[in-house]
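Read in order, the letters of the sequence shown are residues -23 to -1, 1 to 169 in mature numbering (1 follows the signal peptide of the UniProt record, and there is no 0). A virtual CB, placed ideally from N, CA and C, is assigned to each residue, including glycine. As the structure is a computational prediction, the values presented were derived from the model and not from experiment. What follows is one structure encoded as C-alpha cells, with my remarks underneath.
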Amino acid sequence: MNKKIVAGMLFLFGILAGGAASAASSTPATPESCPAILHHTFNRLQDDSKQDLCQYAGKVTLVVNTASYCGFTKQYEGLEALHAKYNPKGLVVLGFPSNDFGQQEPGSSKEIADFCFNTYGVKFPMFAKSSVTGKDVNPLHAELIKATGRTPKWNFTKYLIDRKGNVVASYPSETTPDDKKLVADVEKALAQ
C-alpha cells in the first residue's frame, strides 16, 4: 500500500480517536446522570470499538443520518464547521451513516470513514452504518422518532437534543447546518 495512503489513514484514525476521546474527556456520566435517550451503545465507524452515548451526557447533541452519495452529502462540510465552532461550548454532532434511502451509503465502514475525512475533513463522532427507519431502525432513532413523531424521510435528517436529554427539534434534509433557525436553536440549547 502506498506510504502516503497509510500515513493518511493513521492520521485519520488518530484524529478521529482523539476527537472521540476529547469529547469524552470530562467526567464519565453515571447511569443516574445519563438521559434515557443516550442509554445506547454503538460501534464507532473508524474501528468498530463500542461507544457508549452516555459519554455525551450534559452536551447539546445534533444527531444526523448521513450518506456518502446523496445530493445533501455536501452538508458534511457544514456539520463539521458547526461542530468545530460550538463544540467548545458543549455541542457534539453525531453522524449515523445509513443506506436506507436510495442505497446511497453502500460502502464499508472503512470506505465511509475515509470518504468523510478525506473529502470533508469530518472529525465529529461517526458510528457504524445502521438503519434509521423501518423494522430494523437503530434504537436511538426509534426513540427520536417516538419523541418527535417525525421519521427520517431522507438522508441528513437532523434531531437536536438538549443537555438534559430532551429532544427539542427535528429538521428535514433540506435544512442546512448553517440554517438560521437550526443555529439559533443550537445556541439557545447551549445557553440553558
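As assigned by DSSP and simplified to three states, the class of residue i
i    : result
N20  : strand
Q33  : Rather than Gln, the amino acid found at residue 33 in this sequence is Tyr. It is helical.
V160 : helix
A105 : coil
N143 : coil
T96  : helix
E135 : Correcting the residue type first, residue 135 is Lys in the shown sequence and not Glu. Three-state DSSP puts K135 in a strand.
K27  : strand
P116 : helix
Whether residue i touches residue j by CB criterion (8 Å)
i    : j    : result
I122 : L22  : no
G67  : L159 : no
G35  : R140 : yes
V163 : L15  : no
L59  : V69  : no
E57  : K87  : no
Q32  : T18  : no
A124 : V144 : yes
C47  : Q81  : yes
Near the ligand NAD: residue i beta-carbon under 7 Å from a heavy atom
i    : result
A105 : By its list of ligands, the structure shown contains no ligand whatsoever, and the ligand NAD lies outside what it can speak to.
Residue i classed as buried or exposed, judged by whether at least 16 other C-beta atoms fall within 10 angstroms
i    : result
P65  : exposed
P83  : exposed
S10  : exposed
G95  : A quick correction: the sequence has Asn, not Gly, at residue 95. By the neighbour-count rule (16 or more Cβ atoms within 10 Å), N95 is not buried but exposed.
A146 : buried
E120 : buried
P129 : buried
P12  : buried
Cβ contact check for the stretch 41 to 49 and the stretch 69 to 87: 3 or more pairs under 8 Å: yes
Is the stretch 94 to 106 touching the stretch 140 to 156 in the sense that three or more CB pairs, one from each, lie closer than 8 Å? no
Stretch-stretch touch, CB-based, cutoff 8 Å, three pairs: the stretch 131 to 143 with the stretch 45 to 64: yes
Return the chain-ordered ranges of every beta strand (DSSP E) run that is complete within the stretch 33 to 69 and spans a minimum of 3 residues. 37 to 43
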